[in-house]
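Enquirer: The opening residue of the sequence shown carries number 642 in the numbering used here; numbering runs sequentially from there.
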Amino acid sequence: MTSKVAFIGLGVMGYPMAGHLAAAGHEVTVYNRTGLRAEKWLAEYGTANSGGHKMAKTPAAAAAGADIVFACVGA
């Protein structure tokens, strides 16, 4: 079963975790405080499958319509 997943925080842990979800066939929307990191993720994993992965401009936009929301952020 595939899900629409929002992933907030693409740091050392979040970046590959979101990538594994994309590779597993889930539709992943990512948000990161620094947009360049999210753009890099999309360039790397956006073609993992044709799952419609995208980048959001806010955490709320990433979570909108998601079945599951992951947050991997620092303290």
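Where is the CB? At the ideal position from N, CA and C, for every residue including glycine. Quick caveat: nothing in here was measured; it's all calculated off a predicted structure.
#1: Beta-carbon within less than 7 Å of Arg678's beta-carbon, same chain only, minus the 5 sequence neighbours each way: which residues are those?
#2: Whole angstroms is fine: what's the gap from Thr699's alpha carbon to Phe648's?
#3: The ligand ZN and Glu680: does any heavy atom of the ligand fall closer than 7 Å to the residue's C-beta?
#4: Give every residue of the same chain whose Cβ lies closer than 8 Å to the Cβ of Trp682, excluding the five residues on either side of it in the sequence, and list them in chain order.
#5: With distances taken from CA atoms, which of Thr675, Ala701, Val653, Asp708 is nearest Glu668?
#6: According to DSSP, simplified to helix, strand and coil, what is Lys681?
#7: Leaving out five residues on either side along the sequence, give the residues of the same chain with a beta carbon under 8 Å from the beta carbon of Ala703.
Expert: Let me spell this out:
#1: Position 37 of the sequence shown holds residue 678. Around Arg678: Leu651.
#2: The residue labelled residue 699 in the question sits at position 58 within the sequence shown. The residue labelled residue 648 in the question sits at position 7 within the sequence shown. Their backbone Cα atoms lie some 11 Å apart in a straight line.
#3: For the ligand ZN, the structure offers nothing, since it holds no ligand at all.
#4: Against the sequence shown, residue 682 aligns to sequence position 41. Within the same chain, Trp682 has close Cβ partners Leu651, Tyr656, Ala659, Gly660, Val671, Asn673, Met696.
#5: Indexing the sequence shown from 1 puts residue 668 at position 27. Among Thr675, Ala701, Val653, Asp708, the Cα nearest to that of Glu668 is on Asp708.
#6: As a position in the sequence shown, residue 681 is number 40, starting the count at 1. It is helical.
#7: Along the sequence shown, one-based indexing puts residue 703 at 62. So the list reads Ala647, Phe648, Ile649, Thr670, Val671, Tyr672, Ala697, Val710, once near-sequence residues are dropped.
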